[in-house]
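All remarks here apply to the structure that follows.
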Amino acid sequence: MSSEPPINDVTDDDIEVTHSKAWAAGVPGVLHSMQPAITQMGAVRGMRALLSMNQKDGFDCMSCAWPDPGHRKAFEFCENGAKAVTWEATPITIPTSFWAEHSLDDLREKSEYWLGMQGRLVEPVYKPAGSDHYRPISWPEAFRVIAAKLKGLDSPDQAAFYTSGRASNEAAFAYQLFARAYGTNNLPDCSNMCHESTGWAMGQTVGVGKSTVSYDDFAKSDLIIIMGQNPGTNHPRMLTALEEAKDAGAQIVAINPLPEAGLRRYKNPQRVRGVIGHGTDIADQFLQIRLGGDMALLQAVSKRVLDAEDAAPGTVLDQAFLDEHCDGLTELRQHLAQLDEGTVLAATGLRAAQIDELAQRYLGADRVIITWAMGLTQQKKGVETIKEVINLLLLRGNIGKPGAGASPIRGHSNVQGDRTMGIWEQMPPVFLDALQAEFGFDPPREHGVDSVDGVRAMRDGKMKVWIGLGGNFVAAMSDTGIAEAAMQRTEMSVQISTKLNRSHAITGEEALILPTLGRTEIDEQASGVQFVSVEDTVSAVHASWGKLTPVAPNLLSEVAIISRLASATLADSVAVDWAGFEADYDRIRDHIAHVVAGCENYNERIRHEGGFILPNGPRDSRTFNTPIGKAMLTTNTLEYLEVPAGRLVLQTLRSHDQFNTTIYGLDDRYRGIKKGRHVVFINKKDLINLGFTDGDLVDVHSEFSDNVDRVLRGYRLVAYPTPRGCAAAYYPEANVLVPLDSVADGSNTPVSKAVIIRLERAAT
């Protein structure tokens, strides 16, 4: 089925700036969910999709990784989930004529919004070397072309196998198996750009890089501290869990550079008070922290906890827990004793009384959850900042008991499951040994490249082939100019995708697009209709069944594409039944059960209602898989970003009409932006001090030690209540300002929350 897509691209000529909102969701959220689904998919297809989303016999939302409650409502979706389904399940398809009508030069001039709105990809296409156009190609020929290129490389390490967090567990396991059987650990993924700092910090301190809480823990908590995240836009269903926690008596503290509507008030459209009443006030305390100040704040609160213990020995710390399960308390005491309050106040932009209030809330709570997202992970000291989260939790035993723990909130729907399945360039020997025992080949042991190092390898001519399983790598990656130039240096780029994006226009010398089924669609193989499985942010693994008729008959599933490509490339060189993988996904899950710890009896357990929960030592039994078998309290040297005079520090963020690089529309209604995205949010006093006024057009230059001039041109200044000295702009457009070499210590995550910028008047 096809329909007429938008013809003309959009500009910011008609941009409107209004007031930001004081609450999230409510009736407008319902209307913004239902209206696009019904009008773009039709009433029957639209309602079938929405009513199947996040249900126990339905499909998992491809938007965020927020967990599902045990008791599901009929409308178990949010506004952004509905937008994601509408975007994927649209009946609009790209006709064959499109490829002759649009050159790569033409596609490169289009916006992400225009590209995504052209419709679903329904046939493989190939751009030969020297050509500026894709042309349709058969599936067998596509696999032959890619396999020939892979087999012709001098080394398997000249290829990289990138993964988006939307891939299922079955596809991810098959993909990493293919890459390692081929001979490389080059398995960069979207985690490298978002929660990698979390994995490093928690792995070193508590022995597991995942949440130590369950969904039900939120309603059992006395205090929930939300740091560096915007649930109202990025994972709106979290607001329901926060409302339930408030109903049960919890206090909530929001720590964020921007006042976000969802952290102020939530009008739950499935409750009367959310439709005709006031709704629920979410944050009892809002700390508008300066960018990069979180580490200082956490240290200051921990110091106040230790000071309270000194004032009343034996009454504050959970000494029994610390003695039995933790190490490093003495060193932490000594380190925080030297903390300078003036430095803390300068770093955070807060008053001492605000920090005192937060400390008193923490001291008065028996069960505390600290939850965070990219606002912490994408800092230069992101790893150390998250270690400070763990320090604060450990001091009063807030890990491994109901209603308490560390809760990183993943963005992509199965990014956590992909890592569990082996999508990582640094998988530990125990996983590689299990692969060897299961399949009879010795996987490579040398670590591969992550996303940042993958760009460096392409830039330096060391990476010849880039294969992307979903995602939009060149747009998602930092330092857009360098990332795009690097991709164009490859000999071949391959994208496995549902819809067009920027990464299809920025290609290697040869390029292919392989269209795939969406998660919403029925996946029928030789053994019958298949389901896949995913892991959410609290380690719950559950099945996902597509419910909609595929938009075209020629589409292959991700598992089928991977299996056929692996078979064409590897033939019989490894003892893997690739054809069997495609025919029956149970065969993949049988292997997962033998290789992946915690996935024993996978096929049986995944068929239980609601799936199963992966083991988690800190959560389940207060056991910590660290070198000494205890949780580690750590000492971290405080550093904060000092901004030169006349400069600002910028963070990138999403609008309400997008998910990662996917742009659903051009409005950000919670922040009062309509019909455009080319804006910079800046404090009104900073506008005045820098000699600008609200609405001025500026060029935004980032400043870094390499002296490269990275610039966004013609952006509109919007007076907004940001912290003094701080600014914000939309991702992915602002990625051009984030230097490739500006990365978090230890995790190599791009530092998208601390970009030094200067503003210059735009040329007229």
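For the sequence shown, this note's numbering assigns the number 805 to the initial residue and increments by one for each residue that follows.
Built from N, CA and C at the ideal position, the CB exists for glycine as well.
Would you mind working out which of Arg852, Trp870, Ser915 sits nearest Thr1465, comparing C-alpha positions? Selected option, being the one with the closest Cα: Ser915.
Excluding the 5 residues preceding and the 5 following Arg1475 in the sequence, name in chain order all residues of the same chain whose CB lies nearer than 6 Å to its CB. Ser824
State yes or no: is the beta carbon of Ala1523 nearer than 7 Å to at least one beta carbon in chain B? As a matter of chain content, chain B is missing from the structure shown, which is built from one protein chain.
Tell me which residue opens and which closes the beta strand (DSSP E) that Asp864 is part of. Neither: Asp864 is in no beta strand (DSSP E) and is coded neither H nor E.
Residues in the same chain with beta-carbon distance under 7 Å from Tyr1468, minus the five sequence neighbours each way, listed in chain order, please. Lys887, Trp891, Asp1461, Gln1462
Give the DSSP bridge partners of Ser968, in chain order. For Ser968, which the question treats as bridged, DSSP gives no partner whatsoever.
How should Gly1244 be labelled, buried or exposed, when 16 other C-beta atoms within 10 angstroms of its C-beta is the threshold for buried? Exposed, because fewer than 16 other Cβ atoms sit within 10 Å of the Cβ of Gly1244.
For Pro1117 and Arg1200, what's the separation of their Cα atoms in angstroms? 13 Å
Asp1570 versus Glu820: straight-line alpha-carbon distance, rounded: Any answer about residue 1570 is impossible in this case: the structure gives the chain only from 805 up to 1568.
DSSP on Pro1319, reduced to helix/strand/coil? strand
Helix, strand or coil: how does DSSP classify Leu908 here? Of the three classes helix, strand and coil, the one that applies to Leu908 here is helix, per DSSP.
With DSSP as the reference, label Glu1161 as helix, strand or coil. helix
How about Gln1074 and Lys1268: are their beta carbons less than 7 Å apart? no
By a C-beta neighbour count over all protein chains shown, 10 Å radius and 16 as the cutoff for buried, is Asp818 buried or exposed? exposed
Determine the direct distance from the alpha carbon of Ala1364 to that of Ala1287, and round the result to whole angstroms. 29 Å
Buried or exposed by the 16-neighbour rule on C-beta atoms within 10 Å, applied to Asp1026: buried
How long is the line joining the alpha carbons of Asp861 and Gly1550, rounded to whole angstroms? 41 Å
Going residue by residue through the region 1410-1448, where are the continuous alpha helix (DSSP H) segments of at least 4 residues, counting only ones entirely within it? 1421-1425
Shortest alpha-carbon distance to Ala1261 belongs to which of Ala975, Gly1011, Ala1290? Relative to the Cα of Ala1261, the nearest Cα in the group Ala975, Gly1011, Ala1290 belongs to Ala1290.
Comparing C-alpha positions only, which one of Asn1407, Val1338, Arg984 sits nearest to Asp864? Nearest C-alpha to Asp864 among Asn1407, Val1338, Arg984: Val1338.
Can you find at least 3 beta carbon pairs, one from the region 985-1002 and one from the region 1248-1255, that sit closer than 8 Å? yes
Return the chain-ordered list of same chain residues with a C-beta closer than 6 Å to the C-beta of Glu1000, the five sequence neighbours on each side being excluded. Here the set comprises Ser1551, Thr1553.
Status (buried if at least 16 other CB within 10 Å, exposed otherwise) for Asn1202: buried
Using 10 angstroms around the beta-carbon of Asn1511, count the other beta-carbons present and answer buried if the total reaches 16, otherwise exposed. exposed
Are there three or more Cβ pairs, one per stretch, closer than 8 Å when the region 1349-1363 is compared with the region 963-983? yes
Taking all protein chains shown into account, decide if Lys955 is buried (16 or more other Cβ within 10 angstroms of its Cβ) or exposed. Flag for Lys955 reads exposed.
Determine, using beta carbons only, whether Gly1204 and Lys1024 come nearer to each other than 7 Å. no
Quick one: does the C-beta of Met1296 sit closer than 6 Å to a heavy atom of the ligand MG? Here there are no bound small molecules, and the ligand MG is not part of this structure.
Answer with buried or exposed for Thr900, where buried requires no fewer than 16 other C-beta atoms within 10 angstroms of its C-beta. exposed
Using C-beta distances below 7 Å, list every residue in its chain close to Leu1167, excluding the 5 sequence neighbours before and after it, in chain order. The answer, listed in chain order, is Val1109, Ala1112, Val1120.
So what's Lys931 in DSSP terms, helix, strand or just coil? strand
Tell me which residues share the same chain as Glu1047 and place their Cβ nearer than 7 Å to its Cβ, disregarding the 5 neighbours each side in the sequence. Taken in chain order, the residues that qualify are Tyr1070, Asn1072, Thr1084.
Same chain only: Cβ atoms within 8 Å of Phe1508, ignoring 5 sequence neighbours per side: Arg1514, Pro1543, Asp1545, Ser1546, Ile1560
Beta-carbon proximity check, Gly1312 vs Ser1297, cutoff 7 Å: yes
Please return the same chain residues whose Cβ sits closer than 6 Å to the Cβ of Leu1359, not counting the five positions on each side in sequence. Pro1319, Leu1321
Assess contact between the region 1469-1488 and the region 1268-1284, defined as three or more Cβ pairs (one per stretch) separated by less than 8 Å. Is contact present? Segments in contact, no.
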